[in-house]
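Numbering (the working numbering), first residue to last: 535 to 872.
This is the structure in structure tokens:
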């Protein structure tokens, strides 16, 4: 049988670059996607590769490796950002060998070099050998954050198998504080194989001890606590409470409104409406959790525009969510339209 790879790669080729910015009513606004994944297909555990292949749209899942390769490089991410009209994006390092795999800090930095004017990175570290490698891992994180484009820390307790309230790991926040680096944290149950689903690994309430102890560190609660197992809003209200009670808590709705988790486009409009009702628009930072598959980054931006419109966001509020809050929290120059 002839290989399908050429066909799949053709299907995965980026569409023509669209004009920068996204339309919101009569305004054109800059977009920054703060949640993007890069890496190598072979560095993902086999069970997770099978899981991802099943989620790729037909026929892209028939050759999942080719599909992944088309979007996971620095160049591939940039092509997906171009489809969405996004000015900038943030690549995540990941060290979760038992669940979603490994993308090293070095790999992220290498891919940033594809366009260092548009790509940033969040650094991470291994915790599965903490008893023996703690000091070395913290030193490696510290070194990664010395890179001028590595502007924060990425953690996923559910994927990395350590409790959110375990003080043995709070040294990570010491390193983040020393670099004035915000910390992004996965919250909510995850469908990926090899994930810890119990509350201390997924419920953002268990982060409150760290949030309280480190008021100088910005904590970004990823996915707004969405329950990707049951497809419901999970810990949304806990995330909102933490943001209301702690000035150093921020909210990131990536994948909350994806077509798989929110097919009827109900959850994300409701979440953004609740955030607006509570006066927390200045705490929301846009992210997609892409690229996932060709076109996802663009589709998620469109679904977010729809959700903000449904929730009654003004153009200024939408601008803050889509790029302004990111620039303020990460202390970088605001994205602008050419």
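From the three backbone atoms N, C-alpha and C, an ideal C-beta is built for every residue, glycine too.
Inter-residue distance for residue 674 and residue 855 is about 32 Å (C-alpha atoms, whole angstroms). For the pair residue 640 and residue 646, the Cα-to-Cα distance works out to about 10 Å. If only uninterrupted beta strand (DSSP E) runs of at least 3 residues are considered, those enclosed by the stretch 774 to 859 are 783 to 786.
By the Cβ-count criterion, residue 871 is exposed, with fewer than 16 other Cβ atoms from all chains shown falling within 10 Å of its own Cβ.
Around the Cβ of residue 826, a 10 Å sphere holds 16 or more other Cβ atoms; the residue is buried. In this structure, residue 706 and residue 634 do not form a Cβ contact; the two beta carbons are roughly 18 Å apart against a cut-off of 8 Å. The criterion of a C-beta distance shorter than 8 Å is not satisfied by residue 777 and residue 737. DSSP places residue 636 within a strand segment (E or B) once states are collapsed to three. Counting along the chain, residue 717 sits inside the beta strand (DSSP E) bounded by residues 717 to 720.
Excluding the 5 residues flanking it on each side, residue 696 has same chain C-beta neighbours closer than 7 Å at 661 and 703, in chain order. Residue burial annotation: residue 800 is exposed, with fewer than 16 other C-beta atoms found within 10 angstroms of its C-beta. Burial is judged here by how many other beta carbons sit within 10 angstroms of a residue's own beta carbon; residue 766 has fewer than 16 and is exposed. Residue pairing of residue 562 in beta bridges, as defined by DSSP: 557.
It is roughly 13 Å from the alpha-carbon of residue 742 to the alpha-carbon of residue 784.
Residue 671 and residue 763 have their C-alpha atoms roughly 31 Å apart.
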